[in-house]
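Presented below is the structure to which this report refers.
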Amino acid sequence: MSAIKTTGTAGPPRLLPVLSHLRYEHLVAGVSGGVVSTLMLHPLDLIKIRFAVNDGVTKTTPQYNGLRNAISEIVRMEGLRGLYRGVMPNVLGSGSSWGFYFFFYNTIKTWIQGGNTKKPLGPTLHMVAAADAGILTLLMTNPIWVVKTRLCLQYAGDVSLAESKRYSGTVDALNKIYRTEGIRGLYRGLVPGMFGVSHGAIQFMAYEEMKNKYNIYRDLPIDTKLGTMDYIVFAALSKLIAAASTYPYQVVRARLQDHHHDYRGTWDCIQLTWRGEGWRGFYKGLGVNLTRVTPATVITFVTYEHVSEHLLRKNLFNVLEPKQSTSVTNEQA
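Everything in the sequence shown is counted per full-length UniProt numbering, starting at 1 for the first residue and increasing by one.
Here it is in structure tokens:
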């Protein structure tokens, strides 16, 4: 007598258990959110960077008195195109960063949950998942951010800059930075960027906790989808909390990436900023940053939530997941 056994194994064993929780819908939805928000709000990002690197000492760069003055001066000196300097690496950077971030974060979070998306993690584990995702994303995208920063800091009056520091576009900037500064040049600002991982960790922790608490208040499972207005409120609040608490690292990072200055390292930049401008120097551009990042985050998160919900419901990426296999064995009775 023979018995037939069927097993629902997923083919060869995975090298890492976390890989069993990969969902590409989160990657596509994150890229979508990052690209949409960047195209809409890039001019504010450019102005924020220019405010951040303005140390009050260098006179060869434009001086702006505020947001409206900055916009009018840039348009007057560089035309409307001036407001979109560095937009291509910004789109690439934001799209890939948000895509990878949501992808890694949801993979790690689901792994910690053991595949049970209804299991609450609590603030600490949410921050751990977000921090891990942030480090992985930063290592992959830092060169794009260096290029974006330098293209945003190409001024119309930069006639004294060496040819090696004049960039005609994203590819040209990548080539020249690598050729003249090596890999280190493409990873300038990495150290403060690592500290900046705390920004994403705080933001995602606050966002997830607010969503979970709201669903618990409504007596619903924590993975229940919310309405658009709920996402808007929670995304805005979480971003304000994160931005206000971690903004100084963005100033230090932008200054290290600025090719008009030559700091010896992160600590040298911090010392010179403190000595010349005091604590206020670490918050330059904060107003512009909040004006930009709050709507940007809202657009990104709302786009992500709706696109990921649609993709997960359609299950369009199941072809990328391992098929279940059936094995048949004969046992002689």
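We put the CB at the ideal spot given by N, CA and C, even for glycine.
Since this is a predicted model, take the numbers as computed values, not measurements.
Where residue i falls, given that 16 or more other Cβ within 10 Å makes a residue buried
i, result
"Pro322", "Per-residue confidence for Pro322 stands at a pLDDT of 45, beneath the threshold of 50, marking its modelled position as unreliable; the derived number appears in the next sentence. Under this definition Pro322 is an exposed residue."
"Tyr167", "buried"
"Thr58", "exposed"
"Arg50", "buried"
"Ala333", "The predicted model places Ala333 with a pLDDT of 37, which falls under 50 and marks its position as unreliable; any figure quoted below should be read in that light. It is exposed - the Cβ of Ala333 has fewer than 16 other Cβ atoms within 10 Å."
"Gly86", "buried"
"Arg76", "exposed"
"Ser245", "exposed"
"Leu190", "buried"
"Leu44", "buried"
"Ile216", "exposed"
"Met127", "buried"
"Asn315", "exposed"
"Gln250", "buried"
"Ser308", "buried"
"Lys118", "exposed"
"Ala129", "buried"
"residue 335", "Residue 335 lies beyond the stretch modelled for the chain, which goes from 1 to 333, so this question has no answer here."
"Arg313", "exposed"
"Glu305", "buried"
"Val288", "buried"
"Arg264", "exposed"
"Val147", "buried"
"Gly281", "buried"
"Arg188", "buried"
"Leu311", "buried"
"Ile74", "buried"
"Thr9", "Any reading at Thr9 needs caution, since the residue's pLDDT is 44, under 50, leaving its predicted position unreliable; the model's value is listed next. Looking at its Cβ environment, which holds fewer than 16 other Cβ atoms inside 10 Å, Thr9 is exposed."
"Ile270", "buried"
When the options are compared against residue i, the one with the closest alpha-carbon
i, options, result
"Glu181", "His259, Val288, Ile49, Ala206", "His259"
"Arg231", "Asp55, Tyr247, Ser245, Asn212", "Reading off the sequence shown, one finds Tyr at residue 231, where the question assumed Arg. Nearest of Asp55, Tyr247, Ser245, Asn212 to Tyr231, Cα basis: Asn212."
"Thr141", "Arg150, Gly95, Pro43", "Gly95"
"Leu83", "Tyr249, Asp268, Leu151", "Leu151"
"Ala242", "Leu286, Trp279, Glu277", "Leu286"
"Tyr64", "Arg264, Ile47, Tyr24, Leu80", "Ile47"
"Ile222", "Val171, Leu272, Asn116", "Asn116"
"Leu174", "Ser160, Trp279, Thr149", "Thr149"
"Asn54", "Leu256, Arg313, Lys314, Arg264", "Leu256"
"Phe104", "Val31, Leu237, Ser160, Val307", "Val31"
"Ile108", "Lys118, Leu92, Leu125, Pro248", "Leu125"
"Thr291", "Met40, Val28, Leu22", "Met40"
"Glu155", "Thr61, Gly66, Leu237", "It is worth fixing the name first, because residue 155 is Tyr in this sequence and not Glu. Of the listed residues, the one whose Cα sits closest to Tyr155 is Thr61."
"Glu78", "Leu153, Met229, Thr273, Gly265", "Leu153"
"Val28", "Arg179, Ile74, Phe100", "Phe100"
"Thr38", "Leu80, Arg81, Met88", "Met88"
"Leu138", "Phe102, Gly169, Gly276", "Phe102"
"Tyr207", "Ile177, Thr300, Leu22", "Thr300"
"Gly114", "Leu22, Lys225, Leu226, Phe282", "Leu22"
"Ala236", "Tyr247, Arg218, Val293, Leu161", "Val293"
"Asn106", "Tyr24, Thr224, Thr266", "Tyr24"
8 Å contact criterion, which residue i and residue j should meet: CB distance rounded
i, j, result
"Gly34", "Trp98", "3 Å"
"Val252", "Pro192", "4 Å"
"Ala254", "Ala70", "Rounded, the Cβ-Cβ distance is 15 Å, inconsistent with contact."
"Met205", "Pro123", "5 Å"
"Lys239", "Thr297", "4 Å"
"Asn90", "His42", "6 Å"
"Met210", "Phe195", "Contact flag wrong, Cβ pair sits at about 24 Å."
"Trp145", "Gly93", "5 Å"
"Ser164", "Lys176", "6 Å"
"Leu186", "Pro143", "4 Å"
If contact is defined by three or more beta carbon pairs under 8 Å, each pair taking one atom from either stretch, is the segment 191–201 in contact with the segment 126–145? yes
What alpha helix (DSSP H) runs, 4 residues minimum, are completely inside the segment 75–101? none
Extract the residue ranges of the alpha helix (DSSP H) inside the UniProt repeat "Solcar" (121–213), only unbroken runs of 4 or more that lie entirely within it. 123–152, 170–186, 190–195
Unbroken alpha helix (DSSP H) runs of length 4 or more, entirely within the UniProt repeat "Solcar" (226–310): which are they? 228–246, 248–257, 266–277
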